[in-house]
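Numbering (my numbering), first residue to last: 2 to 209.
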């Protein structure tokens, strides 16, 4: 559920997002296509919200944040019942990969850093997700010879690096398929940018 709290420029009552996205866009003479372009949210998603086919409550936290950011609405004025819709790390990874596939690696990096998405997850206390996203951005920057990440300071996140390594959910299945404990094996191919935060990510074709 999305609840409006303080600093509400549209005077929406607390408890529900009563002004629809269509209302907001029409008030600003903005088309769904334009919102899609400036928010980097797929047009199909924005258009479904505009037509009332879907609602913000059904969107991921990342999508809500991108839309609010693009519209210039402070996330402080929106309470996302985020713990109820926290997708779990594996689903979060899929959302990240989907974003990279849709936008391309360089554009994705620019979008995440420019929109302060990592900070957003930190504010939600989604520290593992924030660490995973930070590692992804560092990995993509290194891969594409980008220095964007050097302009940002995320040292505060180091406090939340997990003591025990976080392995991909499928490591158990992979171990059964291969007939051996694959945890040590995948460490040989762990991507350094993730390993730095005690998150184990690897390319499947390297391991098997």
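Just so you know, even glycine gets a beta-carbon here, dropped at the ideal spot from N, CA and C.
Given the structure is predicted, the values throughout are model-derived calculations rather than measurements.
Quick one: is residue 178 buried, meaning 16 or more other Cβ sit within 10 Å of its Cβ, or exposed? exposed
Please name the residue or residues paired with residue 200 in a DSSP beta bridge. 167
How about residue 62 and residue 39: are their beta carbons less than 8 Å apart? no
Report the residue from 186, 144, 21 and 161 whose alpha carbon sits nearest the alpha carbon of residue 52. 21
Exposed unless 16 or more other CB atoms sit within 10 angstroms - verdict on residue 94: buried
Going by alpha carbons, who is nearest to residue 66 out of 118, 188 and 28? 118
DSSP three-state label for residue 53, please. coil
DSSP state of residue 83, grouped into three classes? Caution is warranted here: a pLDDT of 43 is assigned to residue 83, below 50, making its placement in the model unreliable, and the coordinate value is therefore given only provisionally. Of the three classes helix, strand and coil, the one that applies to residue 83 here is helix, per DSSP.
Residue span of the alpha helix (DSSP H) that contains residue 159, given as start and end: Counting along the chain, residue 159 falls outside any alpha helix (DSSP H), and DSSP gives it neither H nor E.
Sequence-distant residues of the same chain with beta carbon closer than 6 Å to residue 64, five excluded per side: 42
Determine the direct distance from the alpha carbon of residue 103 to that of residue 26, and round the result to whole angstroms. 24 Å
Output the distance between the C-alpha atoms of residue 166 and residue 32, rounded to the nearest integer angstrom. 45 Å
If we ignore side chains and look at the alpha-carbon of each, how far apart do residue 195 and residue 35 end up? 35 Å
If you count every other CB in all the chains shown that lies within 10 Å of the CB of residue 160, and 16 or more means buried, which is it? exposed
Pull up the distance between the alpha-carbon of residue 99 and that of residue 24, whole angstroms please. 29 Å
Could you tell me if residue 37 is buried or exposed, where buried requires 16 or more neighbouring beta carbons within 10 angstroms of its beta carbon? buried
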